[in-house]
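Which chain is which? The protein sequence lines are A, B and C, in order. In short: position in the first sequence from 1, add 1177, done, that's my numbering. In short: position in the second sequence from 1, add 68, done, that's my numbering. In short: position in the third sequence from 1, add 149, done, that's my numbering. By construction, the Cβ of each residue, glycine as well, lies at the ideal position given by its N, Cα and C atoms.
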Amino acid sequence: MPYVLPVLFALVIVALLPLVAGYIVLVERKVMADMQVRLGPMRVGPHGLLQPIADAVKLLLKEDIIPESADRLVFWGAPLISVTTAMVALAALPIGPFFQIAELNIGLLFILGVSSLGIFGIVLGGWASNSHYSLLGALRSAAQLVSYETSAGMAIVGALLLAGTLSTRGIVQAQAQTEVWFIFAAPVGFFIYLVASIAETNRAPFDMPEAESELVAGYMTEYSGFRWALYFLAEYTNMIVVASIATTLFLGGWLRPFASTSYLDFLDWLPPLLMAGVAGYCFWRAPKQPVAVQKMFMAAVGLLCIVLALVLIMPMAAPRDSFLASSKAGIHGAFWFLFKVGAYIYVFMWLRFTFPRYRFDQLMRLGWQFLVPLSIVNVMGIGVGLALHRQLNWPAAPALILGIVLTLVAGAYLLATGEKHEHPRVGEEEEEETPVNA
Amino acid sequence: MLDQVVFYFFAALAIVSAILVVTRRNAVQSAIFLVTALLATAGIFLNLNAEFLFIVQVILYAGGIMVLFIFVIMLVNLDVALHQVQFNRQWFVALIISAVLAAQVAAAIAVSRRTLYTMPAAPAESLQPNTERVAFYLFHTYVLPFEIASILLLVAMVGAVVMAKKRV
Amino acid sequence: MAERYNFGAGAGGVNVETTVLGADEIILNMGPQHPSTHGVLRVKLRLDGEKVVGSECVIGYLHRGVEKIAEHRSYQQFAPYVDRMDYVAAVSNGLGYCETVEKLLGAEAPPRARVIRTILTELQRIASHLFWLGTHALDIGALTPLFYCLREREEILKIFEKYCGARLTTHAFRIGGLQYEAYDELEKDTERFCKDFDRRVDEYESLLTENRIWVGRTKGIGVLTADAAIAMGVTGPVLRASGVQWDIRKSMPYAAYDQYEFSIPTGKNGDTYDRYLVRLEEMRQSRKICLQAIENIPAGPILGKVGKVLKPPPGEVYHSIEAPKGELGYYIVSDGTTQPYRVRIRPPSLINLEALDQMIRGHLVADVVAVIGTLDIVLGEVDR
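Shown next, in the form of structure tokens:
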């Protein structure tokens, strides 16, 4: 039965995703609180560990409000589109060499294509709400996503040139073979993808479509309760998707750092040690919790971490050639993949709490006048490097570095010329124009 | 068996959506059904093991062009169009033309049914990954037409920008 | 093409018949319930796409008739009401009112009271500017500075709490002097706060001043020329950022400001960025004043000679102070009874708000938020 395992994986992902998204929200709130010299959620469960569940229950029990003049059917369906497309995109992601729902030879394109459909959820939701704020938010996000998909796509092309395949698994294997993560071979490409992926997931400093101080909540203004939760789920799923793409393309996917350097194999002990450390912290904090239930819960979390640590240790402690030892790549691969995804998402949060928000026209200018040209130059730079390497038999490192330097020069030029074009009062020169309808 | 079920499902979906595209009065709803029709077609491509075509259909038509369609539709006030008569009085002529066309196609199929040559489908396993094949043909065999086409598109694009911009 | 726009239940559910000139224009109601109108301000924006082609402020949602209430309260009874106008800077409001009534009575606060008044008012200015900085940054999308600012503001509020028991609406002063004697560690607390504060302002600057996005969002946004600012009667940091060196603390000193050295920061371009820099520098100057003031607080009584029942002679008086947001003026007409015949308050926020329309024309919706933030309005004061 070839379908059993994929279906099983799919069920696991669909079942766990809301929970994971909920806990990413909790982590985000905790990170935010830490950066803003406060504590964050502390009430529900020890250190607010049960907050996501309380939030989910609250959202599910809320009254479902549909504005009177809304297009009911579209209003009802739009959040579903967002969530579905975000989840489908997860299908092609290799969470470790074994955990993957579908291995496609167009894997990466599939993810891009499906997640580009998610915009319909936003645009239609904004339109169906029949409110100015929603419509403006929807229009902004449509323009923003279309613009930044271009540069994200071009950034990906750069990495694809290096990998020579569209298959997500193949890309990671290419990085394993060359022993270089593509972030080092194409740093500019990674930078472009980082910026573009923040813009594509509508996160600060590019959160125009839902800029709360301007458009209240953008396309989500009229949504509440469960439907709103669906949008939120879609947003966080999209974050996971773009982080996974970045991990796969640039950060070596499921590979351990220095995966093929055998004298650094002791790095394999890091994951179980990390888990044990978290467990130790939980046990240390457990008696200090105020209520008995919270003590037990804290201890349970600690136990869970112990179990995870044991799972991570098992394949290493097991005798060679046993089944357990052969599962090491899968288990440790999953750990490293998720770890990198988490780190990428952490960067998202970090940026969000550090930077002010771009203005819409500045965002567009950044996208079209800086990122798109830079990403094209980046592809050419990598192409030049690869051509020197493959056709003229240059050694790989100097060839690629030459490409990177070329790209950086072009980037500096773009930055320098871009400054001149900025004029704060938009469309000032158009004001004298006669109106079209006159 | 499964192939046929999938094909008929997507085909039916495409046809029903296509009909709904032209019958809906609300332009946004029409656009939504157009997206559905395009996606159903993409599904048929996938069923035929043409993954690259499938994903290009999804990215370009559904994800790119249709988003711009909806973008424009939402910018323009369409409430007026909702209350206008959508069909003019020449529906009778249109009906005759459609009937003639349908008859022609039916006749063509009926006459050449025996002689119509259809290629046997290649087994999916023996196919090369078609992304690479498409790239190979585009950049090797047909590189000149490909470049000409892209220059034509570029010219069209520049022209559109120039015409849209009132003062250069 | 005439279209009906529903201005929403907030406006009493009235449908207003509006003639739309171009088909491209839409009318967006920003507020009265909106996260960044700083209260219940409603701005009716005429938008061409996202570009603002015109605007109209609708105020009065927070109108409590403060001026009318004054006519039915005795002079002392009215004092707590002024705290509720600019509730972010209640101490300054109180100072203005008390000094005006003192002027009307011909009385004067004793030196000790004047110095303590100066300290508390300058602390209040810092607190008000801190709150402004935090919310302004939040409007532009920087989430974190707000909490840093609130952390420092908390220190100031603690000093207020120790002094008079209240944190927000303090009613700290009394006509003729002070309500309470300064508590023992007032100087020490103030000094501790001031010692640390310079570094904290640097910290805010490191987050924002050279941030590309921040500069892009504020430079050249909402430019107000000096002439336009003077013509509209704009005062306070908004006026100074346009390059006019006008500060009532210097030009018509009150309280104990004539004893201290401080400079008046001014801007050049009159844009949002300059206003940001001016206010940051003002915080530093206020810190300087506080440090000078705690050096030498004169001993003596805290309450001047005013009777228990205040009966000012008939007449009228206008007195204004430099509140954190601009010139806060009180005009009181007395008919010789225990209650004022008429009180008219000149709130800086209201006058400054009038510049909004001129400042946002041609900008985008996002800039409207930035400009409302940079004007530093408090709706309690605008509506009274």
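Residue pairing by DSSP puts leucine 477 (chain C) in a beta bridge opposite C:Ile470. If you look at tyrosine 490 (chain C), you'll find it isn't in any alpha helix (DSSP H); it sits in the beta strand (DSSP E) that goes 489-495. Proximity of chain A to valine 73 (chain B) at the Cβ level (cut-off 7 Å) is not reached, the minimal Cβ distance being about 15 Å.
Secondary structure at arginine 1317 (chain A): helix, using DSSP grouped into helix, strand and coil. Between alanine 86 (chain B) and alanine 105 (chain B), the alpha-carbon positions lie close to 6 Å from each other. In the three-state reduction of the DSSP assignment, valine 201 (chain C) falls in the strand class. When the beta-carbon positions are compared, proline 496 (chain C) and serine 483 (chain C) stay at least 8 Å from each other. With contacts defined by Cβ atoms closer than 8 Å, leucine 1432 (chain A) and tryptophan 1545 (chain A) do not form a contacting pair. Distance from the CA atom of leucine 1447 (chain A) to the CA atom of valine 73 (chain B), rounded to whole angstroms, is 50 Å. The continuous alpha helix (DSSP H) containing asparagine 115 (chain B) extends over residues 95-115.
At a beta-carbon threshold of 7 Å, none of the residues of chain A lie near phenylalanine 101 (chain B); the nearest stands roughly 12 Å away. Setting aside the 5 residues that flank it on each side, glycine 1273 (chain A) is surrounded in the same chain by Trp1431, Gly1507, Gly1510, Ala1511, Phe1514, each with a C-beta closer than 7 Å to its C-beta; the list follows chain order. Sixteen is the threshold: when 16 or more other Cβ atoms of the shown chains lie within 10 Å of the Cβ of leucine 1485 (chain A), as they do, the residue is buried. Annotation for phenylalanine 1186 (chain A): Phe1276, Gln1277, Ile1278 place their beta carbon closer than 8 Å to its own, counting only its chain and skipping 5 residues before and after. Looking at the DSSP output, glycine 464 (chain C) sits in a beta bridge with C:Ser483. Taking 8 Å as the cut-off, the Cβ atoms of isoleucine 509 (chain C) and valine 517 (chain C) count as close. In the three-state reduction of the DSSP assignment, leucine 452 (chain C) falls in the strand class, which pools E and B. Distance from the CA of alanine 1231 (chain A) to the CA of histidine 1224 (chain A), rounded to the nearest whole angstrom, comes to 14 Å. The three-state secondary structure of lysine 1465 (chain A), taken from DSSP, is helix.
Taking C-beta atoms as the reference points, leucine 70 (chain B) and alanine 108 (chain B) fail to come closer than 8 Å. In the three-state scheme derived from DSSP, where H, G and I count as helix and E and B as strand, isoleucine 1201 (chain A) is classed as helix. Chain A places a beta carbon closer than 8 Å to that of tyrosine 297 (chain C), counting this residue as a contact. Fewer than three beta-carbon pairs drawn from the stretch 1438-1456 of chain A and the stretch 1398-1415 of chain A are found closer than 8 Å, and the two stretches are therefore not classed as touching. Inclusion of cysteine 1482 (chain A) and alanine 1463 (chain A) in the CB contact set at 8 Å is not warranted, their separation being larger than that value.
In the DSSP annotation of this structure, the continuous segment of the beta strand (DSSP E) that includes leucine 177 (chain C) starts and ends at 174-179. Its chain contains Leu1551 as the residues whose beta carbon lies nearer than 6 Å to that of glycine 1588 (chain A), once the 5 sequence neighbours on both sides are disregarded; these appear in chain order. Cα atoms of glutamate 205 (chain C) and lysine 1472 (chain A): separation of roughly 57 Å, rounded to the nearest angstrom. Within the stretch 405-434 of chain C, no residue has its Cβ closer than 7 Å to any Cβ of chain A. Chain C has a Cβ within less than 8 Å of the Cβ of aspartate 1538 (chain A). Interface criterion not met: the Cβ of valine 179 (chain B) is under 8 Å from no Cβ in chain A. Isoleucine 1283 (chain A) belongs to the set of residues whose beta carbon lies under 8 Å from a beta carbon in chain B. Among the residues of the stretch 1185-1219 of chain A, those with a Cβ less than 8 Å away from any Cβ of chain C are Met1209, Met1212, Gln1213, Val1214, Arg1215, in the order of the chain. For alanine 1453 (chain A), no chain B residue has a C-beta closer than 9 Å to its own C-beta; the minimum C-beta separation is roughly 43 Å. A Cβ-Cβ contact shorter than 8 Å links arginine 261 (chain C) with isoleucine 446 (chain C). At a cut-off of 8 Å between C-beta atoms, leucine 282 (chain C) does not count as an interface residue with respect to chain A. Counting C-beta pairs with one atom in each stretch, the stretch 248-264 of chain C and the stretch 424-432 of chain C have fewer than three that are closer than 8 Å, which means they do not touch.
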